[in-house]
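Quick notes on the structure that follows.
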Amino acid sequence: MSIQRFETGPRMSQVVVHGNTVYLAGVVATKAAGESVTKQTQDILATIDGHLAKAGTDKSKLLSATIYITDMKTFGEMNAVWDAWVSPGNTPARATVEAKLAAPQYTVEIMVTAAK
Numbered sequence: 001m002s003i004q005r006f007e008t009g010p011r012m013s014q015v016v017v018h019g020n021t022v023y024l025a026g027v028v029a030t031k032a033a034g035e036s037v038t039k040q041t042q043d044i045l046a047t048i049d050g051h052l053a054k055a056g057t058d059k060s061k062l063l064s065a066t067i068y069i070t071d072m073k074t075f076g077e078m079n080a081v082w083d084a085w086v087s088p089g090n091t092p093a094r095a096t097v098e099a100k101l102a103a104p105q106y107t108v109e110i111m112v113t114a115a116k
């Protein structure tokens with residue numbers, strides 16, 4: 001079974017496709033870094049949409065999601081954006097974890113796996 005990689009760098013690939021499964025690296029808000037959790041989540045989900053499209057799939061085929069936020073007090077704010085974005089009736093298995101992220105300007109990071 002072949003493996004396809006998109007946006008591959010020396011450390012990681014942003015998207016890896018193996019068979020009918022699409023794996024995304026953790027996505028942060030590169031355009032909205034340092035902004036509100038709402039804006040960062042919107043930016044991240046737009047990026048995820050683009051990555052999934054490159055791999056030939058979309059958010060209706062999400063299998064799982066792991067969301068990292070730096071402060072659980074912002075859980076509701078992030079969820080408001082997520083709930084408006086996620087495909088109704090096709091919600092993935094999901095976990096949300098409070099964690100310190102790699103750079104202080106990021107307050108949200110999302111990693112998803114999808115079917116093709």
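Residues in the sequence shown are numbered consecutively from 1, following UniProt numbering.
Yeah, the Cβ is synthetic: ideal placement off N, Cα and C, and Gly gets one too.
Exercise for the section: May I have the straight-line CA-CA distance separating Ser87 from Ser60, to the nearest angstrom? Expected result: Along the sequence shown, read from residue 1 onward, the residue named residue 87 stands at position 87. Along the sequence shown, read from residue 1 onward, the residue named residue 60 stands at position 60. Taking the straight line joining both Cα atoms gives about 5 Å.
Practice task
Tell whether a beta-carbon distance below 9 Å holds between Thr21 and Ala80.
Solution key: The residue labelled residue 21 in the question sits at position 21 within the sequence shown. The residue labelled residue 80 in the question sits at position 80 within the sequence shown. Going by C-beta atoms, Thr21 is not nearer than 9 Å to Ala80.
Problem - Cβ-Cβ distance between Val27 and Thr47 below 9 Å - result: Here the question's residue 27 lines up with position 27 in the sequence shown. Here the question's residue 47 lines up with position 47 in the sequence shown. Result yes, Cβ atoms of Val27 and Thr47 sit closer than 9 Å.
Exercise for the section: Helix, strand or coil for Leu45, going by three-state DSSP, please let me know. Expected result: As a first step, residue 45 is located in the sequence shown; it is residue number 45 there, counting from the start. In the structure shown, Leu45 sits in a helix (DSSP, three-state: H, G or I).
Practice task
Flag this pair as touching only if the stretch 40 to 57 and the stretch 93 to 100 have three or more C-beta atom pairs under 8 Å; answer yes or no.
Solution key: no
Problem - Ala32 classed as buried or exposed, judged by whether at least 16 other C-beta atoms fall within 10 angstroms - result: For the purposes of this step, residue 32 is identified with residue 32 of the sequence shown, where counting begins at 1. That one is buried.
Handout entry: For Val112 and Ala55, believed in contact at Cβ under 8 Å, the rounded distance
Key = The sequence position of residue 55 within the sequence shown is 55, counting from 1. The sequence position of residue 112 within the sequence shown is 112, counting from 1. With 8 Å as the limit, Ala55 and Val112 do not qualify as a contact, their Cβ atoms being about 11 Å apart.
Handout entry: Inter-residue CB distance, Thr57 and Thr107 (contact presumed, cutoff 8 Å)
Key = Working through the sequence shown from its first residue, we reach residue 57 at position 57. Working through the sequence shown from its first residue, we reach residue 107 at position 107. Rounded, the Cβ-Cβ distance is 27 Å, inconsistent with contact.
Handout entry: Secondary structure of Met111, DSSP reduced to three states
Key = Sequence index remark: in the sequence shown, residue 111 carries index 111 (1-based). Strand, per DSSP.
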